[in-house]
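For the sequence shown, my numbering assigns the number 37 to the initial residue and increments by one for each residue that follows.
First up is the structure itself, then whatever we jot down about it.
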Amino acid sequence: MTQLPDATAAPLSLDETIPVMIGPDAAGQRLDRALAAAVPDLSRSRLQALIAAGCVREGERTVEDASVKVKPGQRFEIRVPPPVPAEPEPQAIGLDIVYEDSHLIVIDKPAGLVVHPAAGNPDGTLVNALLAHCGAQLSGIGGVARPGIVHRLDKETSGLMVVAKTDAAHKALSAQFADRTLSRTYLALVWGRPSPSAGTIEGAIGRDPRNRQRMALVKAGGKPARTHYRLLRPAGTEASLVACKLDTGRTHQIRVHLASIGHPLIGDPVYGRRPRSAIGTKAAGNETARSFPRQALHAAKLRFRHPADQRELEFTRPLPGDMRHLLVSLAGEDRIPEY
37 MTQLPDATAA
47 PLSLDETIPV
57 MIGPDAAGQR
67 LDRALAAAVP
77 DLSRSRLQAL
87 IAAGCVREGE
97 RTVEDASVKV
107 KPGQRFEIRV
117 PPPVPAEPEP
127 QAIGLDIVYE
137 DSHLIVIDKP
147 AGLVVHPAAG
157 NPDGTLVNAL
167 LAHCGAQLSG
177 IGGVARPGIV
187 HRLDKETSGL
197 MVVAKTDAAH
207 KALSAQFADR
217 TLSRTYLALV
227 WGRPSPSAGT
237 IEGAIGRDPR
247 NRQRMALVKA
257 GGKPARTHYR
267 LLRPAGTEAS
277 LVACKLDTGR
287 THQIRVHLAS
297 IGHPLIGDPV
307 YGRRPRSAIG
317 TKAAGNETAR
327 SFPRQALHAA
337 KLRFRHPADQ
347 RELEFTRPLP
357 GDMRHLLVSL
367 AGEDRIPEY
């Protein structure tokens, strides 16, 4: 370890954990300032980003506030993710292609597939697969890390996505997202029975001030968000199948909005704690529902105007096998009303 005036730290090694011990001269300093002095290879802004991403720990506790004051003798660990390549590499990953022409491609993304490279997911993403399938044809508007990507789905959300092959298509599709003429409908299995059975949830979404790794409804600093929901059918006694349409596309929007009205998605590891009314019920005891490994959310319908000839295109995809099995386990059948 190298002795520093305010802390000690092991030499920087990417993709490794860096231990830091706070010295007496750093007492009362902000965490980000103390760590920046201890690890000169990491800028203060970089450390702030790592703290926000949950990469700094004190023992078993994740530290999420860069401004917290440190004390002598405290020991922290900084996990530095490996750098993401400037240009993603093409990778032969199978794609479920629903539609394709020279302007765009519509795919049915499986749960578990990350959309674009980022820290922790440098490859094996949808972008890597698209580069292998489309070559250099993808629109460059999204930048080298996100070529062709007009919108995204969370890693564990399945369903329909449209990707632009040309810059003109990218601009036109982005405009349809902005003016809300592009329509997206999701199917969700949620805990409880929404009442009223249809409605609109509005509330600005931003980083949860108590946990920067989550999103939340916030009073200041968030982005406006609106979700329309409709109960399609009960799924047993304590769960429901719900259709959701988005007017906006904020991070984790459906997950945050449905949880905010007391009906979180089954299987959601971040927002999906079962409401008290479900505890001890038949649904809560359903092993398939209780152990469902992802948020039960599927982008089932996508409608937009073709950017070249203005044809209205509509695509639908049924529930994937895991969600269909979940619906059957809860409701005894997989019937889905029109949505």
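Don't be surprised by glycine CBs; every beta carbon is placed ideally from N, CA and C.
Could you tell me which of the options sits nearest to residue i, measuring between CA atoms?
i: residue 151; options: 200, 188, 222, 76; result: 188
i: residue 124; options: 145, 250, 181, 175; result: 181
i: residue 354; options: 138, 335, 323; result: 335
i: residue 371; options: 272, 349, 290; result: 272
i: residue 96; options: 348, 228, 112; result: 112
i: residue 203; options: 324, 175, 229, 179; result: 175
i: residue 238; options: 262, 215, 266, 245; result: 262
i: residue 154; options: 286, 219, 76, 191; result: 191
i: residue 299; options: 373, 253, 350, 227; result: 227
i: residue 144; options: 352, 86, 68, 303; result: 352
i: residue 304; options: 147, 136, 159; result: 147
i: residue 138; options: 200, 127, 367; result: 200
i: residue 127; options: 108, 133, 186, 165; result: 165
i: residue 278; options: 375, 167, 52, 75; result: 375
i: residue 343; options: 246, 217, 225; result: 217
i: residue 173; options: 136, 196, 208; result: 136
i: residue 290; options: 223, 133, 64, 184; result: 223
i: residue 129; options: 160, 57, 109, 105; result: 160
i: residue 249; options: 274, 209, 301, 306; result: 306
i: residue 280; options: 178, 64, 225, 327; result: 225
i: residue 156; options: 86, 296, 331; result: 86
i: residue 247; options: 309, 169, 100; result: 100
i: residue 368; options: 205, 345, 332, 324; result: 324
i: residue 63; options: 220, 107, 76, 214; result: 107
i: residue 361; options: 327, 373, 345; result: 327
i: residue 358; options: 221, 163, 333, 88; result: 333
Per DSSP, which residues does residue i bridge with? Please list them.
i: residue 157; result: 154
i: residue 238; result: 262
i: residue 115; result: 53
i: residue 275; result: 227
i: residue 220; result: 338
i: residue 31; result: Nothing can be reported for residue 31, as the shown portion of the chain is limited to 37 through 375.
i: residue 269; result: 277
i: residue 136; result: 141
i: residue 256; result: Bridge partners of residue 256: none, in fact.
Can you list, in chain order, the residues of its chain whose CB lies under 6 Å from that of residue i, leaving out five sequence neighbours each side?
i: residue 41; result: Note on residue 41: pLDDT 35, under 50, position unreliable in the model; the coordinate value appears next. Closer than 6 Å at Cβ, skipping near neighbours: 61.
i: residue 98; result: 90
i: residue 94; result: 112
i: residue 254; result: 240, 242
i: residue 350; result: 339
i: residue 229; result: 276
i: residue 356; result: 194
i: residue 270; result: 276
i: residue 251; result: 241, 287, 288, 292
i: residue 234; result: 266
i: residue 53; result: 113, 115
i: residue 177; result: 203, 206
i: residue 295; result: 307
Throw me the rounded Cβ distance for the residue i and residue j pair, which I believe falls under 8 Å.
i: residue 198; j: residue 140; result: 6 Å
i: residue 276; j: residue 267; result: 6 Å
i: residue 149; j: residue 102; result: Contact doesn't hold; Cβ gap of about 32 Å is too wide.
i: residue 5; j: residue 142; result: Given that the chain is displayed from residue 37 to residue 375, the structure contains no residue 5 and the question cannot be resolved.
i: residue 79; j: residue 72; result: 7 Å
i: residue 363; j: residue 322; result: About 11 Å separates the two Cβ atoms, so there is no contact after all.
i: residue 186; j: residue 206; result: 6 Å
i: residue 75; j: residue 56; result: 7 Å
i: residue 209; j: residue 134; result: Contact doesn't hold; Cβ gap of about 15 Å is too wide.
Below 8 Å CB to CB, which residues in the same chain sit around residue i once its five sequence neighbours on both sides are set aside?
i: residue 316; result: Residue placement at residue 316 is poorly supported in this model, since its pLDDT is 44, which falls under 50; the coordinates are not used for a value here.
i: residue 84; result: 68, 102
i: residue 347; result: 341
Which same chain residues end up closer than 7 Å to residue i when comparing Cβ atoms and leaving out the 5 residues on each side of it in sequence?
i: residue 329; result: 303
i: residue 232; result: none
i: residue 284; result: 260, 261, 262
i: residue 110; result: 58, 94
i: residue 309; result: 300
i: residue 331; result: 192, 193, 291, 301, 303, 304, 308
i: residue 244; result: 250, 251, 252
How about residue i: is its Cβ closer than 7 Å to a heavy atom in the ligand FAD?
i: residue 143; result: Of the ligands one can find in the structure shown there are none, so the ligand FAD has no counterpart to examine.
(message) In chain order, what are the residue ranges of uninterrupted alpha helix (DSSP H) at least 4 long that sit wholly in the stretch 164-218?
(response) Correct list: 203-215.
(request) Write down every uninterrupted run of the beta strand (DSSP E) in the stretch 338-362 whose length is 3 residues or greater and which is fully enclosed by it, in chain order. (result) Listed in chain order, they are 348-352.
(request) Let me know the alpha helix (DSSP H) ranges lying completely inside the stretch 53-101, each 4 residues or longer, listed in chain order. (result) Segments of the alpha helix (DSSP H) lying fully in the stretch 53-101: 67-74, 80-88.
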